[in-house]
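Sequential numbering of the sequence shown, starting at 5, is according to the numbering used here.
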Amino acid sequence: MTPRFLRALAITAAMLVANNHGTAADWDRMKPIVPQQYVCYRAAVPLVIDGRLNDESWQTAPWTHDFQDIEGDAKPRPTFRTRAKMLWDQKYFYIAAEMEEPHVWGTITQRDSVIFRDNDFEVFIDPNGDNHEYYEFEMNALNTVWDLFLRKPYKDGGPAMNNWDIEGLRSAVHIQGTLNNSQDRDQGWTLEIAFPWKALKQFAHRATPPKEGDQWRIGFSRVEWDIEIVEGKYQKVPNHAEHNWIWSPQGIIDMHRPERWGYVQFTSGKPGTVDFKPDAGVPAREALMTIYHAQREFQTRTGRWASNLSELGLNESIQTGLVHSPTIRLNKDGYVATAIVRVGRGAREIWHVRQDSRLWRRP
């Protein structure tokens, strides 16, 4: 086997280990979590991508809430602070992050390696919020990046396209301290990323750059390993799992749940003047994802898909906020579940989900 093939196997194995294939019970635990929201303003002038967050445009961009544990409030608060900012212009979607870290270290220097084996920062982008065709990006303190594209989440069969690169990507890191020096104490590191709209357009299925008020689903994650200093060098503490600190909690240790990522609303308005507009389709989204997880459990147990809510043990409580109870239609591939939600005076939206978690609204 060639070194390239062996490396591909290692990457695939790492991704499978890192992702949980949850059950309907997991979804019940996740349900109380409300995705975070952010209004992304337009940068007045193009940003200098150097890892330093001193551009004038960054000064007026709001910070996200501090990151939490991936499982939410049930877990302790992260040891170190992490927060992010976003901006956009005609060419780029900009992301900045600030991470407290007393010992900044990194080892991986080859692009498209499994970056989360180091401490890292990760970005997940689902432009049209359908749970499918989304982008993943990871980088470490050495500014080594891993960019990949997923046609669907791992739990639904993936796969990840590791050979996909973000053409025109720009990224940089600035360290407040010294890299890989165990003899001092650092403040942390900051980073900047510029994602070209031209590259994101490939699988966006909507306007790029976004139109006024458009909302994309975005996830941020920070992987942090417990370390110790042995003979003057950093080493991971044996048998300690990594910490996952993220912007919008998933409720489960799995970042590949796009339905739980945050909402980012794009605007050309003056910073601080635009309110976030909540997604009116949330009741339908929640009901359909409840059906999806219940169907997965039912199919595992019985070998078939349920044809109605009663078989799934779901009652009228799933109808909250909907016009009527969701319906399920079986087909040769599996099923399509449908829910209708009121979105205004006399207006409705019709939403669907199918067996591989793809969620969409009828035009």
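Just so you know, even glycine gets a beta-carbon here, dropped at the ideal spot from N, CA and C.
* To the nearest angstrom, report how far apart Ile187 and Asp93 are at their CA atoms. => The question names Ile, yet the displayed sequence has Gln at residue 187. Between Gln187 and Asp93, the C-alpha separation is close to 41 Å.
* Asked: Is Lys202 helix, strand or coil when you go by DSSP?
  -> It is helical.
* Between which two residues does the beta strand (DSSP E) carrying Ser252 extend? -> No beta strand (DSSP E) contains Ser252, which DSSP labels as neither H nor E.
* To do: Identify, in the order they occur along the chain, each residue of the same chain with its Cβ nearer than 8 Å to the Cβ of Gly350, setting aside the five sequence neighbours on each side.
  => none
* To do: Please name the residue or residues paired with Arg226 in a DSSP beta bridge.
  => Phe125 and Trp249
* Asked: Taking contact to mean at least 3 C-beta pairs separated by less than 8 Å, is the segment 77-93 in contact with the segment 40-48?
  -> yes
* What's the gap between the Cα of Arg85 and the Cα of Gly338? -> Taking the CA atoms as reference points, Arg85 sits about 44 Å from Gly338.
* Asked: In terms of DSSP beta bridges, what is Trp92 paired with?
  -> Arg46 and Phe97
* Runs of alpha helix (DSSP H) wholly within the segment 271-326 (minimum 4 residues, chain order) -> 286-306 and 313-316
* Quick one: give me the first and last residue of the beta strand (DSSP E) that Ser175 is part of. => Arg174 to Gln180
* To do: Please report the Cβ distance between Lys240 and Trp229, rounded to the nearest whole angstrom; I am assuming they are in contact, meaning their Cβ atoms lie under 8 Å.
  => 5 Å
* Got a sec: is the Cβ-Cβ distance from Pro200 to anything in chain C below 9 Å? -> Although the question refers to chain C, the structure presented lacks it and comprises just one protein chain.
* **Which listed residue (Glu60, Thr64, Trp109 and Ser61) has its alpha carbon closest to that of Lys237** => Closest in C-alpha terms to Lys237, from the list Glu60, Thr64, Trp109 and Ser61, comes Trp109.
* From Ser225 to Glu105, what distance separates their C-alpha atoms? -> 15 Å
* To do: Identify every residue that forms a DSSP beta bridge with Tyr138.
  => Beta-bridge annotation (DSSP): Tyr138 is paired with Leu154.
* Residue from Gln219, His209, Met293 and Met143 whose Cα sits closest to the Cα of Gly55 -> Met143
* Asked: Mapping DSSP to helix, strand and coil, what is Asp62?
  -> In the sequence as displayed, the identity of residue 62 is Trp instead of Asp. Three-state DSSP puts Trp62 in a helix.
* Asked: Whose C-alpha, out of Lys281, Ile231, Arg305 and Ala203, is nearest the C-alpha of Gly172?
  -> For Gly172, the closest C-alpha among the options Lys281, Ile231, Arg305 and Ala203 is that of Ala203.
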